[in-house]
Amino acid sequence: MSGDVGLFGPGSVTWRLHQEPILLLGGLRSLYLQALHPRAVTAVAQNSRYRADPWGRLTRTSAYVGTVIWGTTAEAEAAALRVRRMHARMRAVDPRTGEPFRIDEPGLLRWVHVAEVESFLTTAVRAGVRLTPAEIDGYYTEQLKAAELMGLDPATVPATADEVSAYYDETLPSLALSRDGVETALFLTVPSVPENWGGRAFRLGLTLGPTRWAYFGVAATAMAMLPPWARRLYGGLGLPTTDLTADLSARGLRFLLSTVLATIPRSLQVTPIREAALARAAAAAVL
515 MSGDVGLFGP GSVTWRLHQE PILLLGGLRS LYLQALHPRA VTAVAQNSRY
565 RADPWGRLTR TSAYVGTVIW GTTAEAEAAA LRVRRMHARM RAVDPRTGEP
615 FRIDEPGLLR WVHVAEVESF LTTAVRAGVR LTPAEIDGYY TEQLKAAELM
665 GLDPATVPAT ADEVSAYYDE TLPSLALSRD GVETALFLTV PSVPENWGGR
715 AFRLGLTLGP TRWAYFGVAA TAMAMLPPWA RRLYGGLGLP TTDLTADLSA
765 RGLRFLLSTV LATIPRSLQV TPIREAALAR AAAAAVL
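The sequence shown begins at 515 in our numbering and counts up one residue at a time.
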């Protein structure tokens, strides 16, 4: 529908926030955070080919998030239905207890949702995006729509900053760094290079050269931006100045991204699905 601006729309905090390229860093932070939930990370490890196809999984996840944020209502609902149907067929086995479980358990879905939206928001704010407390709460409340798409009862999902903080406090006793968590975190920090990215010399250069070190710096920033309790679960990573240096790094990265993007054509700055959303919003405003 030409006038359908989707789940959120041009006046939403969500649209304002998700135009920020720095949210890519927030996505990486959320993966480090999600890996601290033993069942959640086991579900991924036993059902995903992320080690064999990490960039494909990243592309698919980014496409899903983009569709929920910028797509029409019908597009967002269709994308979520496909994911729910896929998850409904998947099972995993808890290596600690031997207990089989569904990967679409509400508790697991809620953890992934909260870790993701809190990481997006926290990363943006610490990188310099200015939001009032009311706007921060507004983002969490708006994201209840995304949680509902994944099959969660919105009444069970934290909808304000205080509720997110309380949720983390309640969940902390069940978090731990499991073997799957260690392997996932190591993979996030030193991911493999796709075989189709040129020849052996190119892959070797990417593995050992400046690009690898640049990515490692981004990964280190994402890890440093975790809450202190999460860093402690990873072994107490970071000095007392970690939060300050992480904020400076995130702000510098945001400035770098905005500078680089300003030099390239708009067609490369804005994804097609976001461009279509902006066009629908403009048409709706005229009507």
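Built from N, CA and C at the ideal position, the CB exists for glycine as well.
Rounded to the nearest angstrom, what separates residue i and residue j at their Cα positions?
i           : j           : result
residue 644 : residue 632 : 15 Å
residue 770 : residue 639 : 16 Å
residue 476 : residue 584 : Nothing about residue 476 can be reported from this structure: the residues present for the chain run from 515 to 801 only.
residue 729 : residue 697 : 18 Å
residue 603 : residue 665 : 14 Å
residue 609 : residue 745 : 23 Å
residue 607 : residue 550 : 17 Å
residue 635 : residue 768 : 14 Å
residue 782 : residue 578 : 19 Å
residue 656 : residue 546 : 24 Å
residue 558 : residue 565 : 11 Å
residue 556 : residue 740 : 20 Å
residue 788 : residue 613 : 42 Å
residue 530 : residue 683 : 29 Å
residue 620 : residue 694 : 21 Å
residue 743 : residue 699 : 16 Å
residue 524 : residue 533 : 11 Å
residue 561 : residue 687 : 25 Å
residue 670 : residue 595 : 20 Å
residue 776 : residue 649 : 27 Å
Looking only at its chain, what residues have a beta carbon closer than 8 Å to the beta carbon of residue i, apart from the 5 residues adjacent to it on each side?
i           : result
residue 554 : 548, 622, 625 and 626
residue 646 : none
residue 542 : 702, 732, 733 and 736
Grab me the residues of residue i's own chain with a C-beta within less than 7 Å of its C-beta, minus the 5 sequence neighbours each way, in chain order.
i           : result
residue 519 : 791, 794, 795 and 798
residue 589 : 581
residue 616 : 605
residue 678 : 628, 632, 654 and 672
residue 689 : 550, 551 and 747
residue 642 : 765 and 768
residue 587 : 518, 520 and 521
Which residues in the same chain have their Cβ closer than 6 Å to the Cβ of residue i, if we skip the five residues on either side of it in sequence?
i           : result
residue 674 : 651 and 654
residue 692 : 552
residue 544 : 629, 630 and 633
residue 539 : 637 and 736
residue 660 : 582
residue 662 : 668
Could you spell out where the beta strand (DSSP E) holding residue i opens and where it closes?
i           : result
residue 616 : 614-616
residue 607 : 605-607
Can you give me the start and stop residues for the alpha helix (DSSP H) that residue i sits inside?
i           : result
residue 589 : 587-602
residue 520 : No alpha helix (DSSP H) contains residue 520, which DSSP labels as neither H nor E.
residue 783 : 780-783
residue 766 : 756-775
residue 703 : 693-703
residue 789 : 786-800
residue 745 : 742-747
**Message:** If we require 4 or more residues per run, which alpha helix (DSSP H) segments fall completely within the stretch 522-573?
**Reply:** Runs of the alpha helix (DSSP H) lying entirely within the stretch 522-573 and spanning at least 4 residues, in chain order: 527-531, 537-548 and 552-561.
**Prompt:** Which runs of the alpha helix (DSSP H) fall wholly inside the stretch 625-683 and span at least 4 residues, in chain order?
**Reply:** Under the rule that a run must span 4 or more residues, the alpha helix (DSSP H) segments found entirely inside the stretch 625-683 read 647-656 and 658-663.
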